[in-house]
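The opening position of the sequence shown corresponds to residue 16 in our numbering, with each subsequent residue numbered one higher.
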Amino acid sequence: MSTSTKPVAVVTGASSGIGAATARRLAAEGYRVVLAARRFERVAALAAELTDAGGDAVAQRLDVTDRAAVDAFAADLERCDVLVNNAGGAVGLDPVASADPADWRAMYEVNVLGVLHLTQALLPALRASGAGTVVVLSSTAGLGTYEGGAGYAAAKHGAHVLAETLRLEIVGEPVRVIEIAPGMVRTEEFSLTRFRGDAERAAKVYEGVAEPLTAEDVADTVGWAVTRPPHVNVDLLVLRPRAQASNTKVHRAT
């Protein structure tokens with residue numbers, strides 16, 4: 016990738032939802048945004064959209080669970096000021112007694128090891144920037160569980176602990192670690208993926224909730240946190256819609 020005089024932000028899982036919204040927000044903040052996702056055609060279209068609007072963006076095909084691909088991606092990146100670890104997701108809503116271990120493994124691979132791969136690979140560039148930022152998009156599931164959510168909660172707990180531990184380990188270095196933990200966010204794909212394409216079941220997650228968070232709400236929060244002065248670290252920011260008091264208490268209109 017060509018050398019940029021602008022600060023560079025890498026956003027994983029940028030093909031839709033929170034990742035795409037975050038890419039738009041950071042482009043508007045003046046970053047050269049590297050859009051990384053498995054679905055290249057989507058990030059290529061988003062990069063074209065941002066460029067046409069006067070932004071600076073480049074698309075890269077990347078599977079965050081493939082360490083060799085991540086290392087090659089990092090080797091080709093001449094600069095990195097911000098890493099937004101957004102790629103993730105949930106699969107299934109099954110109780111512990113009957114959950115498929117393959118679903119748990121898939122969630123751990125992307126939500127935890129994917130964050131680990133990118134963070135390890137890009138830490139040298141983040142240090143070299145003189146004021147690097149690692150963002151981990153976790154979840155309120157990483158702070159408390161709910162019935163049927165053990166696999167996803169376990170994975171997001173892993174992401175939360177990774178961020179917390181990394182912050183301890185690199186204190187004193189010119190890299191800060193920010194964790195954003197959203198609650199109920201309505202995007203076009205999260206619940207649909209969780210329920211394996213069952214649109215009716217996915218819609219019920221948000222039934223009666225007047226205003227769940229949007230991808231843009233989360234992106235706005237990421238943009239705010241990343242653009243604080245370099246000495247300011249937003250350790251953990253929990254973001255929920257007003258209608259959600261906890262993972263298990265949500266106001267639904269009857």
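C-beta atoms are modelled at their ideal positions from N, C-alpha and C, and glycine is treated no differently. Predicted, not measured: the structure shown is a model, and the values here were computed from it.
Here's a check: name, in chain order, each residue in its chain whose Cβ is nearer than 8 Å to the Cβ of residue i, leaving out the five neighbours to either side.
{"i": "P116", "result": "none"}
{"i": "T242", "result": "E44"}
For residue i, collect the residues of the same chain with a Cβ closer than 6 Å to its Cβ; drop the 5 residues on either side in sequence, then sort them by chain order.
{"i": "G34", "result": "V26, G28, N101"}
{"i": "G223", "result": "R267, A268"}
{"i": "R76", "result": "F55"}
{"i": "G70", "result": "A42"}
Span of the alpha helix (DSSP H) holding residue i?
{"i": "Q259", "result": "Neither: Q259 is in no alpha helix (DSSP H) and is coded neither H nor E."}
Where residue i and residue j are concerned, what is the direct C-alpha to C-alpha distance, given to the nearest angstrom?
{"i": "A84", "j": "K171", "result": "23 Å"}
{"i": "L65", "j": "Y161", "result": "38 Å"}
{"i": "Y221", "j": "R257", "result": "13 Å"}
{"i": "A225", "j": "S30", "result": "26 Å"}
{"i": "V265", "j": "P227", "result": "10 Å"}
{"i": "V237", "j": "E215", "result": "30 Å"}
{"i": "D250", "j": "A146", "result": "16 Å"}
{"i": "A233", "j": "F205", "result": "Per the sequence shown, the amino acid found at residue 233 is Val instead of Ala. In a straight line, the C-alpha of V233 is about 14 Å away from that of F205."}
{"i": "A143", "j": "G164", "result": "39 Å"}
The beta strand (DSSP E) spanning residue i covers which residue range?
{"i": "R191", "result": "190-197"}
{"i": "G147", "result": "147-152"}
{"i": "D71", "result": "71-76"}
Is the Cβ-Cβ distance between residue i and residue j less than 8 Å?
{"i": "I195", "j": "L128", "result": "no"}
{"i": "T155", "j": "G198", "result": "yes"}
Is residue i near the ligand ADP, going by C-beta to nearest heavy atom under 7 Å?
{"i": "V220", "result": "With respect to small molecules bound, the structure shown includes none, and the ligand ADP cannot be examined in it."}
Output needed for residue i: all residues of its chain with C-beta closer than 7 Å, excluding positions within five of it in sequence on either side, in chain order.
{"i": "A9", "result": "The shown model of the chain, from 16 to 269, leaves out residue 9, and the question about it has no answer."}
Handout entry: the region 107-114 / the region 84-97 touching (three or more Cβ pairs under 8 Å)
Key = no
Problem - the region 176-183 in contact with the region 121-139 per 3-pair CB rule at 8 Å - result: yes
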